[in-house]
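*Asks:* For reference, the structure I am asking about is given below.
Number of protein chains: 2
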Amino acid sequence: MKIKEPRKIRAILKIQSEMRKILAEHLRKKGFIEISPVILSPMTDPLNHPTMPGDVTCYGKQYHLTQSMIFHKQIAMKFLEKIFIFSPNIRIEHPDRKKTGRHLFEFTQLDLEVRGASREDMMNLCEELITDVIATIKRDCKTELDLLARRLKIPKKPFKQIHYEDAYKKYGKNFETMISKTHDGPVWIIDIPLKSREFYDREDPEKPGFLRDMDLIYPEGYGEALSGGEREYDYERIKTRIHKKGQKLSQFKEYMQVAKDDLPPSAGFGIGIERLTRFICGLKSIEDASLFPKVPGKYGI
Amino acid sequence: MKIKEPRKIRAILKIQSEMRKILAEHLRKKGFIEISPVILSPMTDPLNHPTMPGDVTCYGKQYHLTQSMIFHKQIAMKFLEKIFIFSPNIRIEHPDRKKTGRHLFEFTQLDLEVRGASREDMMNLCEELITDVIATIKRDCKTELDLLARRLKIPKKPFKQIHYEDAYKKYGKNFETMISKTHDGPVWIIDIPLKSREFYDREDPEKPGFLRDMDLIYPEGYGEALSGGEREYDYERIKTRIHKKGQKLSQFKEYMQVAKDDLPPSAGFGIGIERLTRFICGLKSIEDASLFPKVPGKYGI
Numbered sequence: 201m202k203i204k205e206p207r208k209i210r211a212i213l214k215i216q217s218e219m220r221k222i223l224a225e226h227l228r229k230k231g232f233i234e235i236s237p238v239i240l241s242p243m244t245d246p247l248n249h250p251t252m253p254g255d256v257t258c259y260g261k262q263y264h265l266t267q268s269m270i271f272h273k274q275i276a277m278k279f280l281e282k283i284f285i286f287s288p289n290i291r292i293e294h295p296d297r298k299k300t301g302r303h304l305f306e307f308t309q310l311d312l313e314v315r316g317a318s319r320e321d322m323m324n325l326c327e328e329l330i331t332d333v334i335a336t337i338k339r340d341c342k343t344e345l346d347l348l349a350r351r352l353k354i355p356k357k358p359f360k361q362i363h364y365e366d367a368y369k370k371y372g373k374n375f376e377t378m379i380s381k382t383h384d385g386p387v388w389i390i391d392i393p394l395k396s397r398e399f400y401d402r403e404d405p406e407k408p409g410f411l412r413d414m415d416l417i418y419p420e421g422y423g424e425a426l427s428g429g430e431r432e433y434d435y436e437r438i439k440t441r442i443h444k445k446g447q448k449l450s451q452f453k454e455y456m457q458v459a460k461d462d463l464p465p466s467a468g469f470g471i472g473i474e475r476l477t478r479f480i481c482g483l484k485s486i487e488d489a490s491l492f493p494k495v496p497g498k499y500g501i
Numbered sequence: 201m202k203i204k205e206p207r208k209i210r211a212i213l214k215i216q217s218e219m220r221k222i223l224a225e226h227l228r229k230k231g232f233i234e235i236s237p238v239i240l241s242p243m244t245d246p247l248n249h250p251t252m253p254g255d256v257t258c259y260g261k262q263y264h265l266t267q268s269m270i271f272h273k274q275i276a277m278k279f280l281e282k283i284f285i286f287s288p289n290i291r292i293e294h295p296d297r298k299k300t301g302r303h304l305f306e307f308t309q310l311d312l313e314v315r316g317a318s319r320e321d322m323m324n325l326c327e328e329l330i331t332d333v334i335a336t337i338k339r340d341c342k343t344e345l346d347l348l349a350r351r352l353k354i355p356k357k358p359f360k361q362i363h364y365e366d367a368y369k370k371y372g373k374n375f376e377t378m379i380s381k382t383h384d385g386p387v388w389i390i391d392i393p394l395k396s397r398e399f400y401d402r403e404d405p406e407k408p409g410f411l412r413d414m415d416l417i418y419p420e421g422y423g424e425a426l427s428g429g430e431r432e433y434d435y436e437r438i439k440t441r442i443h444k445k446g447q448k449l450s451q452f453k454e455y456m457q458v459a460k461d462d463l464p465p466s467a468g469f470g471i472g473i474e475r476l477t478r479f480i481c482g483l484k485s486i487e488d489a490s491l492f493p494k495v496p497g498k499y500g501i
C-alpha cells in the first residue's frame with residue numbers, strides 16, 4: 201500500500217472484508233452456490249488485449265494461470281443454476297499499466313454466472329448488488345468512511361445506459377474515462393461491437409455484429425467496474441468466432457468438448473474486488489486496495 | 201469428479217458452499233477480518249516435504265505460487281489482530297500422492313491468524329469452528345447428507361489430545377493413519393519435535409526441541425485435517441532456525457526485513473476446505489470434493 205497510516209489501512213481492509221460479506225450474503229439469499237476458484241488450468245480466458253503468459257508446467261503438462269474463470273463458469277452450468285466465486289485472476293499486463301491507478305497483475309474478481317439468464321437479468325442483479333453493498337457500507341462502516349474522508353452516494357436504479365456507438369460518437373476513443381469523469385452515478389455501456397470483444401460473448405441475433413453484453417463504468421473518474429453479458433453456447437457458432445479471432449480450437453480443447461456435447465445458455469459478469477474497494481473507499485490508486493498489491497511492472501510481495 | 205450422478209455432485213457442492221458460509225460467519229462474529237489471498241509472491245512457505253517448484257517470471261523477477269500464506273499472515277499481524285483468508289494453495293506434490301485419496305496439487309485452505317494468541321486459544325477456536333460447521337450442516341443439509349448416505353456425528357469438546365512421541369510409540373511411523381482409523385472423534389497431536397517441522401513454528405521455551413504447535417486428525421480414516429500453532433517472531437531465533445533447516449535467508453528476504461523491524465507474536469492454523477468437504481460428505485476420494493480437481497500426477501482442467 202502507498203498509504204502508510206495504520207488506521208487508514210485498517211479502515212480499508214475492514215470495508216473490503218465487509219464488502220465480501222455483503223456480496224456473498226446477497227447472492228446466497230438469491231439461491232447462488234459458491235464454488236472454489238481455479239488457479240491453474242490448461243485453458244483460460246484469452247482476453248481481448250495482450251498479456252504476458254503466466255504458465256507453469258505440472259507433471260509434464262502446461263497449465264495457465266487463470267485470467268478469468270469464464271470457461272469453468274460455463275461448464276459448471278451443467279450442474280448448477282446460479283454460481284459465484286471469489287476468483288483470484290493473474291493477468292501479467294503491460295508494465296505501462298502501472299500508471300493507470302486501476303490495474304493490478306493479481307486481483308480478485310467476484311465472478312458469477314446464471315443458467316438461462318439474459319443480459320437484462322444480469323444488469324438488474326448487478327444494480328441490486330452494487331446499491332446493496334454501497335448502502336450497507338454507508339450504514340455499517342461510518343467510522344471507516346469518515347476516516348477516509350469518503351462521502352458515498354447510493355446510486356439510483358436503474359443506472360443510465362449508453363450504446364457503445366453513441367458513447368464513441370459523443371466522447372471519442374477515451375469514452376470510458378470521459379463518461380466516468382462526467383457522471384455522478386454508474387453508467388452502463390451496452391451493444392458492444394463484436395470485433396472488440398472475446399469470442400465467448402454472444403452475438404445479438406436481432407443486431408448482427410453487436411453483442412448481448414455490457415460494461416459498467418463507475419462515476420467520479422474511477423473507470424471500468426465490470427464486464428459481462430450473455431455467452432455463446434452453440435458449438436458451430438463458437439467455432440466460427442474462435443476462427444474469426446485467429447485463435448486455435450486446441451487452446452480450448454476441453455471447453456470445446458463440452459460445447460459439442462451440451463453447453464447450457466447462460467449470462468454473468470465479474471466485478472473486481474479491488475476496483476470496487478477503490479471506488480467505495482475513494483482511493484487514488486488501486487495499490488491501496490490490497491495489503492500485498494501487485495502493480496504491473498513493479499516488484500511486490 | 202469421479203462421482204457421475206449430477207444430484208450427488210450438486211449435493212457436495214451445496215454442502216461445500218454452506219461450509220464456506222458457516223466458517224466465515226463464525227469468524228466474523230468473533231471479530232475476524234477477511235483479507236484477499238496472495239497467489240504470486242517472491243516468497244512462500246518452504247513446507248516440510250519436497251514439492252516441485254511452481255515458478256512464474258513477472259517483469260523479470262521470479263515469483264512462486266503460494267504454498268501457504270504463512271509469511272503474509274504474520275506480516276498482516278502488524279495491522280490487524282484477527283484475520284482469515286480462503287487461500288488457494290498450489291503444491292506440486294510427488295505424483296505418488298495421487299493414490300492417497302487426500303492430496304490435490306491445487307486446493308483452498310481457510311487460513312487464519314490471531315495476534316498474541318496461544319496454541320491453546322487456537323485449539324479452542326478450532327474445536328468451536330469444527331463443531332459449529334458439523335452441527336449446522338447436519339441441521340441445514342439433511343437432504344444432501346441423506347443423498348450421500350452420510351451420517352455425521354457432532355464431536356464432543358474438548359477433542360482428545362495425544363503427544364507426538366506417545367503417538368509414535370503406540371502406533372509406529374504411520375500413527376496418523378492408525379489414529380484416524382481407530383477413533384470416532386477428531387484427535388489432536390501436540391508437542392511435535394522441532395526437527396520434523398518448518399522453521400516458523402515456535403519452539404516451546406519450557407520444552408526445548410519441541411514445538412508449540414498441533415495437528416488435527418479426522419476420525420474414521422479421513423486422515424489429517426489441519427496444522428497450526430504459535431509462530432516464531434524473534435529475528436535471531438528465526439535466523440538460527442532457517443540455518444538449521446539448511447535454507448537461505450535470501451529466500452525470505454522481505455519477511456526477514458519485517459522480522460528485524462518488528463514481527464508481532466501470533467498463532468493460527470489452516471484447514472483444507474476440500475479435506476473438510478471430504479470428511480463432512482463422507483467421500484472416498486478428495487477428487488470428489490472439487491468440480492475441477494487437480495490430482496497429483498493427473499491431468500485436470
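Sequences listed follow chains A and B, in order. Residue numbers for the first sequence follow our numbering, beginning at 201 and rising by one. Residue numbers for the second sequence follow our numbering, beginning at 201 and rising by one. Beta carbons: idealized from backbone N, C-alpha and C, even for Gly.
1) Give me the Cα-Cα distance between residue 302 of chain B and residue 257 of chain B, rounded to the nearest whole angstrom.
2) Residues in the region 300-311 of chain A with C-beta within 7 Å of chain B's C-beta atoms, listed in sequence order?
3) Hey, would you say residue 274 of chain A sits closer than 7 Å to residue 247 of chain A, going by beta carbons?
4) Out of curiosity, what's the CA-to-CA distance linking residue 440 of chain B and residue 368 of chain B?
5) Under 8 Å Cβ to Cβ from residue 253 of chain A, same chain only, skipping five residues before and after it: list those, please.
6) 7 Å is my cut-off, CB to CB: does residue 442 of chain A come that close to chain B?
7) So, does the region 278-296 of chain B touch the region 225-244 of chain B, judging by three or more C-beta pairs under 8 Å?
8) Look at the alpha carbon of residue 310 of chain A and the alpha carbon of residue 226 of chain A, and state the distance between them as a whole number of angstroms.
9) So residue 264 of chain A contacts chain B; which residues on that side make the cut at Cβ distance below 9 Å?
10) Return no unless some Cβ of chain B is closer than 7 Å to the Cβ of residue 450 of chain A.
11) Does the structure place the region 437-453 of chain B close enough to the region 486-493 of chain B that three or more beta carbon pairs sit under 8 Å?
12) Do the CB positions of residue 198 of chain A and residue 413 of chain A come within less than 7 Å of each other?
13) Say whether chain A places a C-beta atom closer than 7 Å to the C-beta of residue 217 of chain B.
14) Our contact map puts residue 243 of chain B next to residue 451 of chain B with C-beta atoms below 8 Å; I'd like the distance itself, whole angstroms only.
15) Which residue marks the beginning of the alpha helix (DSSP H) containing residue 276 of chain A, and which one marks its end?
16) Taking only beta-carbon atoms, is residue 333 of chain B less than 7 Å away from chain A?
17) I want to know whether the region 366-381 of chain A touches the region 336-354 of chain A - three or more CB-CB distances under 8 Å.
18) Taking 7 Å as the threshold (beta carbon to beta carbon), is residue 256 of chain A in contact with chain B?
19) Quick one, are the C-beta atoms of residue 211 of chain A and residue 347 of chain A less than 7 Å apart?
20) Are the beta-carbon atoms of residue 386 of chain A and residue 359 of chain A separated by less than 7 Å?
21) Out of B/328, B/468, B/240, which one is the CA nearest neighbour of residue 290 of chain A?
22) Run through the DSSP bridge pairs and tell me what residue 287 of chain A is partnered with.
23) Could you say which of A/340, A/201, A/391, A/496 lies nearest to residue 406 of chain A if we only look at CA atoms?
24) Which same chain residues end up closer than 6 Å to residue 479 of chain B when comparing Cβ atoms and leaving out the 5 residues on each side of it in sequence?
25) Sort B/477, B/472, B/432, B/468 by Cα distance to residue 305 of chain B and report the nearest one.
26) Establish whether the CB of residue 458 of chain A and some CB of chain B are separated by less than 7 Å.
27) Check the Cβ-Cβ distances between residue 220 of chain A and every residue of chain B, and say whether any is below 7 Å.
28) Taking C-alpha atoms, which residue in B/494, B/459, B/428, B/453 lies nearest to residue 470 of chain B?
29) Taking the alpha-carbon positions, what's the residue 296 of chain B to residue 251 of chain B distance?
30) In its own chain, which residues sit with a C-beta less than 6 Å from the C-beta of residue 364 of chain A, not counting the 5 before and 5 after it?
31) So if DSSP puts residue 385 of chain B in a beta bridge, which residue, or which two residues, is it bridged to?
*Replies:* Judging by the given coordinates:
1) 30 Å
2) 305, 306, 308
3) no
4) 27 Å
5) 264, 292
6) no
7) yes
8) 12 Å
9) Going along chain B, no residue has its Cβ under 9 Å from residue 264 of chain A, so there is no contact; the nearest lies around 10 Å.
10) no
11) no
12) Summary: the structure shown does not reach residue 198 of chain A, with chain A confined to residues 201 through 501, and so no result is reported for it.
13) yes
14) 6 Å
15) 270-276
16) no
17) no
18) yes
19) yes
20) yes
21) B/240
22) A/309
23) A/391
24) 418, 422
25) B/472
26) no
27) yes
28) B/428
29) 12 Å
30) 389, 391, 392
31) Paired residues: none, contrary to the question.
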